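Step one of this worksheet: look at the structure below.
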Amino acid sequence: LASRKWQNRLVLGILVVGLFPIMVSIFYWFAGQPANNMLHGYPRLIGGYTNLHTHGLVMAFLTALGVGWSFNPNGQRWLGVLGAVLAALVLYFTYIRVGLIFVGVVTLGMIGFRTRRAVFAGVMIAGTIAFFLNPVFRDRFSDIWAILTFSPPDWGWDSIGSFRGELWRESFSAFRAQGPPTVMFGAGMEGYRTFYHHDPHNVYLLIWYHLGIYGLLIYLWIQFSVLQAAWRKLRSHVAWDRWVGQLVLLIMVAYVLCNALSDTFVARTTFSWLVWALAGLVFVREGKP
13 LASRKWQNRL VLGILVVGLF PIMVSIFYWF AGQPANNMLH GYPRLIGGYT NLHTHGLVMA
73 FLTALGVGWS FNPNGQRWLG VLGAVLAALV LYFTYIRVGL IFVGVVTLGM IGFRTRRAVF
133 AGVMIAGTIA FFLNPVFRDR FSDIWAILTF SPPDWGWDSI GSFRGELWRE SFSAFRAQGP
193 PTVMFGAGME GYRTFYHHDP HNVYLLIWYH LGIYGLLIYL WIQFSVLQAA WRKLRSHVAW
253 DRWVGQLVLL IMVAYVLCNA LSDTFVARTT FSWLVWALAG LVFVREGKP
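Residues in the sequence shown are numbered from 13 upward in steps of one, following our numbering.
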């Protein structure tokens with residue numbers, strides 16, 4: 013993978029293989045699957061998967077990768093556009109908010125890297141208007157309006173994001189009550205369930221509860237190392253390296269952000285493998301492990 017040719021093949025291979033689950037999901041959509049999978053009042057598309065969030069996050073990654081590939085300096089951009097459009101269509105009918113945020117960060121970032129600010133602003137405004145014309149998404153993302161207008165929801169600020177604030181506060185209080193040794197070294201894998209019985213919806217809290225403060229610091233350092241390596245790529249004189257740097261930087265920024273909003277990323281092995289496989293591209297040409 014030290015050569016650009018093999019790096020190109022890796023990314024292209026992921027995108028091409030990803031077309032198969034996309035087409036399966038589209039088949040299930042035409043077959044009317046969402047009507048039989050209601051969750052929180054919304055019809056959800058799970059395609060050929062058995063888990064909604066695994067399906068949504070894989071589609072989110074493929075959408076982001078397709079968007080990135082459409083800016084690929086080595087050509088074949090039509091494949092990126094095709095993959096992004098089809099995967100985005102499937103993702104749309106999962107109504108997975110964290111997946112949509114992930115795609116939004118990568119898409120807006122890539123446009124920002126490659127176009128003028130006026131174009132970036134125009135795309136952002138047009139996308140926002142189109143997005144909120146959909147009544148389902150207006151409801152799913154109603155918390156954004158509450159934050160922008162400083163209007164607390166009926167259940168209070170802790171109810172923002174499906175009661176994430178309450179989950180964070182209560183889970184951390186229960187964790188801290190276990191004493192300094194547990195706070196420092198963690199409760200062990202799944203050990204936190206002995207004192208709290210709900211997912212915290214935050215990867216950083218989850219790792220802290222499992223592995224302690226040292227485990228959390230190591231995880232943060234790994235993410236920072238990828239961001240740092242991707243940033244160095246942006247100054248490369250080679251167009252391919254700059255593109256890899258842009259793509260990995262944006263995917264990792266979205267990954268870091270969404271980790272703070274959900275704990276599904278570390279539990280979905282397919283999604284995690286795809287993200288970290290791309291992250292490795294910013295190191296191999298530098299001779300790093």
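Every residue gets a Cβ at the ideal spot worked out from N, C-alpha and C, and that includes glycine.
This structure is a prediction, so every number in the text was calculated from the model and none was measured.
With a threshold of 16 other CB atoms inside 10 Å of the CB of residue i, please say whether the residue is buried or exposed.
i: Lys300; result: Bear in mind that a pLDDT of 45 at Lys300, under 50, signals an unreliable position, so the model cannot answer this.
i: Val29; result: exposed
i: Leu217; result: buried
i: Tyr226; result: exposed
i: Lys245; result: buried
i: Arg205; result: exposed
i: Trp220; result: buried
i: Gln258; result: buried
i: Ser183; result: buried
i: Phe105; result: buried
i: Leu145; result: exposed
i: Val250; result: exposed
i: Ala138; result: exposed
With DSSP as the reference, label residue i as helix, strand or coil.
i: Met201; result: coil
i: Tyr208; result: coil
i: Pro3; result: Look at the range of the chain in this structure, 13 to 301, and you will see that residue 3 is not part of it.
i: Pro301; result: Reliability of the predicted coordinates at Pro301 is poor, the pLDDT of 42 falling under 50, and the value obtained from them is presented with this limitation in mind. The answer is coil: DSSP assigns Pro301 none of H, G, I, E or B.
How big is the Cα-Cα spacing for residue i and residue j?
i: Leu261; j: Ser248; result: 14 Å
i: Trp90; j: Ala242; result: 25 Å
i: Asn63; j: Trp41; result: 15 Å
i: Trp255; j: Leu179; result: 38 Å
i: Gly25; j: Gly92; result: 12 Å
i: Phe125; j: Pro46; result: 36 Å
i: Ala289; j: Arg181; result: 34 Å
i: His67; j: Ile38; result: 12 Å
i: Trp81; j: Ala96; result: 9 Å
i: Ala199; j: Leu232; result: 19 Å
i: His222; j: Gly87; result: 44 Å
i: Tyr208; j: Ile108; result: 25 Å
i: Pro55; j: Met264; result: 30 Å
i: Leu228; j: Ala43; result: 44 Å
i: Phe283; j: Leu77; result: 12 Å
i: Leu101; j: Val36; result: 13 Å
i: Met122; j: Leu239; result: 15 Å
i: Leu98; j: Trp18; result: 26 Å
i: Trp252; j: Phe83; result: 10 Å
i: Val296; j: Leu57; result: 37 Å
i: Asn49; j: Thr127; result: 40 Å
i: Gly134; j: Leu22; result: 33 Å
i: Ile230; j: Ile141; result: 40 Å
i: Thr194; j: Arg188; result: 8 Å
i: Thr281; j: Leu51; result: 23 Å
i: Gln190; j: Cys270; result: 27 Å
I'd like the span of the alpha helix (DSSP H) that includes residue i, first residue to last.
i: Arg8; result: Residue 8 lies beyond the stretch modelled for the chain, which goes from 13 to 301, so this question has no answer here.
i: Arg89; result: Arg89 to Tyr104
i: Leu286; result: Thr281 to Ala291
i: Asp253; result: Ala251 to Asn271
i: Phe32; result: Arg16 to Phe42
i: Ser11; result: The chain is shown only over 13 to 301; residue 11 falls outside these bounds and no answer can be derived.
i: Ala72; result: Leu64 to Trp81
Excluding the 5 residues preceding and the 5 following residue i in the sequence, name in chain order all residues of the same chain whose CB lies nearer than 6 Å to its CB.
i: Arg176; result: His213
i: Thr119; result: Val79
i: His65; result: Thr276
i: Phe197; result: Gly224
i: Leu286; result: Phe73
i: Ala186; result: Phe207 and Tyr208
Going along the chain, which residues of its own chain have a beta-carbon closer than 8 Å to the beta-carbon of residue i, five neighbours each way excluded?
i: Ala272; result: Asn214, Val215 and Tyr216
i: Leu103; result: Gly68, Met71, Ala72, Thr75, Gly111, Leu112 and Val115
i: Glu202; result: His222
i: Leu27; result: Leu74, Leu77, Gly78, Trp81, Leu91, Gly92 and Gly95
Given residue i, which residues of its chain have a CB within under 7 Å of its CB, disregarding the five upstream and five downstream residues?
i: Asp305; result: Nothing about residue 305 can be read from this structure; the chain reaches only from 13 to 301.
i: Pro33; result: Gly59, Gly60 and Val70
i: Val10; result: The question about residue 10 has no answer, for the chain in this structure spans 13 to 301.
i: Gln235; result: Met264 and Val268
i: Val117; result: Leu262, Val265, Ala266 and Leu269
Closer than 7 Å to a non-hydrogen atom of the ligand MG - does that hold for the CB of residue i?
i: Ser185; result: The ligand MG is absent from the structure shown, which contains no ligand whatsoever.
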